[in-house]
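See below for the structure under consideration.
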Amino acid sequence: VYTIVGLLMCCGQLKHARFGKAVHGRAMRKITLVSSSLILSNALMDMYAKCGEMEIAVKVFDRIGERDDISWNIIIAGFASSGELDLACRFFDKAPRRDLISWNSLLAGYARQGDLTMVAKLSEGMLANNVRPDRVTAIALVSAAAMIGEFNQGRCIHGRVLKAFGIHDVILGSALIDMYCKCGSIDRSFVIFNNIFNKDVTLWTTMITGLAFHGFGNRALELFSRMQEEGLMPN
RNA sequence: UUUUCGAAUUA
Numbered sequence: 004v005y006t007i008v009g010l011l012m013c014c015g016q017l018k019h020a021r022f023g024k025a026v027h028g029r030a031m032r033k034i035t036l037v038s039s040s041l042i043l044s045n046a047l048m049d050m051y052a053k054c055g056e057m058e059i060a061v062k063v064f065d066r067i068g069e070r071d072d073i074s075w076n077i078i079i080a081g082f083a084s085s086g087e088l089d090l091a092c093r094f095f096d097k098a099p100r101r102d103l104i105s106w107n108s109l110l111a112g113y114a115r116q117g118d119l120t121m122v123a124k125l126s127e128g129m130l131a132n133n134v135r136p137d138r139v140t141a142i143a144l145v146s147a148a149a150m151i152g153e154f155n156q157g158r159c160i161h162g163r164v165l166k167a168f169g170i171h172d173v174i175l176g177s178a179l180i181d182m183y184c185k186c187g188s189i190d191r192s193f194v195i196f197n198n199i200f201n202k203d204v205t206l207w208t209t210m211i212t213g214l215a216f217h218g219f220g221n222r223a224l225e226l227f228s229r230m231q232e233e234g235l236m237p238n
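Position 168 of the first sequence, counting from 1, maps to 171 under our numbering, and the rest follow consecutively.
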């Protein structure tokens, strides 16, 4: 079971549906495994969801007798990240329980479409249901604001995030840098950039492209060399 | 052992 779950995770990451189906087939032959493991069924559904095969994922979902919160979340997240938000909402509403991950999955889906009003509605909704937003929630809010590109909305969201978290990790930092670049404030981006300790390639790239986009080609190149001096490989 | 989060790149 451990091996099969591991293989399914790999197929999901690689979006390799053909190999995933082969693993599925082999798992089915071992009748003892099939009905016994909820984790295995969940890993299967997630593999299909990540490969963009939501029809099959739902088929598995319907077929299994026992479901937990993770099963529901996998389907919600699958539809949300393929942009089928109506279906994501349908399962979200039907689910017996909605936890932090359910809310975050839906939020991320709307954030990707730049639907800031829906994002706002959902984050109110989670508060009303006594679900505490976390840094993933914050990232969804910030990246939605980045797509809108409205400086005041962006700053307002940054303010709320600051209040809740104070210090930023790399991912939240990248999202904020990107947001300020797209809202027209290179300076604020740079302040955040300088305050992040473990810069990774994505964070550098976010800052570099922001500079380039605003016509600071020379400063972008300068950062590009500095990144390599600090031992990071450009990709 | 399974579910949610950041940049750029193609059509």
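The C-beta atom is built at its ideal place from N, Cα and C for all residues, glycine as well.
Three-state secondary structure (DSSP) of residue i
{"i": "Cys186", "result": "coil"}
{"i": "Ser84", "result": "helix"}
{"i": "Asn238", "result": "coil"}
{"i": "Gln116", "result": "coil"}
{"i": "Glu153", "result": "coil"}
{"i": "Val145", "result": "helix"}
{"i": "Glu69", "result": "coil"}
{"i": "Asp172", "result": "coil"}
{"i": "Phe95", "result": "helix"}
{"i": "Phe193", "result": "helix"}
{"i": "Asn107", "result": "helix"}
{"i": "Ile199", "result": "coil"}
{"i": "Val134", "result": "coil"}
{"i": "Asp89", "result": "helix"}
{"i": "Asp181", "result": "helix"}
{"i": "Arg158", "result": "helix"}
{"i": "Arg163", "result": "helix"}
Under 8 Å between C-beta atoms of residue i and residue j
{"i": "Asn132", "j": "Arg101", "result": "yes"}
{"i": "Thr205", "j": "Ser177", "result": "yes"}
{"i": "Ile195", "j": "Leu214", "result": "no"}
{"i": "Met57", "j": "Ser85", "result": "yes"}
{"i": "Val164", "j": "Ala143", "result": "no"}
{"i": "Ile79", "j": "Asn45", "result": "no"}
{"i": "Gly187", "j": "Phe219", "result": "no"}
{"i": "Asp71", "j": "Gly15", "result": "no"}
{"i": "Trp207", "j": "Leu226", "result": "yes"}
{"i": "Gly3", "j": "Leu11", "result": "Only positions 4 to 238 of the chain appear in the structure, and residue 3 is not among them; the question remains open."}
{"i": "Lys53", "j": "Lys97", "result": "no"}
Delimiting residues of the alpha helix (DSSP H) encompassing residue i
{"i": "Ser44", "result": "41-53"}
{"i": "Gln231", "result": "220-232"}
{"i": "Lys27", "result": "The sequence given here has His at residue 27, not Lys. Element bounds for His27: 20-32."}
{"i": "Ile59", "result": "57-66"}
{"i": "Gly9", "result": "5-17"}
{"i": "Val204", "result": "204-216"}
Presumed contact (8 Å Cβ cut-off) between residue i and residue j, rounded CB distance
{"i": "Ile199", "j": "His171", "result": "6 Å"}
{"i": "Asn107", "j": "Val139", "result": "5 Å"}
{"i": "Asp137", "j": "Leu103", "result": "6 Å"}
{"i": "Glu69", "j": "Leu41", "result": "6 Å"}
{"i": "Ala147", "j": "Leu125", "result": "The pair is not a contact, with the Cβ atoms about 10 Å apart (cut-off 8 Å)."}
Rounded straight-line distance, which links the Cα of residue j to that of residue i
{"i": "Tyr183", "j": "Ala114", "result": "16 Å"}
{"i": "Phe82", "j": "Val63", "result": "15 Å"}
{"i": "Ala149", "j": "Ile67", "result": "40 Å"}
{"i": "Phe95", "j": "Trp75", "result": "8 Å"}
{"i": "Leu47", "j": "Ile77", "result": "10 Å"}
{"i": "Ser192", "j": "Ile180", "result": "4 Å"}
{"i": "Gln231", "j": "Asn197", "result": "16 Å"}
{"i": "Glu257", "j": "Phe216", "result": "Residue numbering for the chain in the displayed model covers 4 to 238; residue 257 lies beyond these limits and cannot be assessed."}
{"i": "Ala91", "j": "Tyr51", "result": "16 Å"}
{"i": "Asn221", "j": "Thr212", "result": "12 Å"}
{"i": "Ser105", "j": "Lys33", "result": "32 Å"}
{"i": "Met31", "j": "Ala25", "result": "10 Å"}
{"i": "Tyr5", "j": "Ala111", "result": "30 Å"}
{"i": "Val8", "j": "Arg21", "result": "16 Å"}
heavy atom of the ligand SAH below 7 Å from residue i C-beta
{"i": "Ile142", "result": "Absence of the ligand SAH is noted for the structure shown, with no ligands found whatsoever."}
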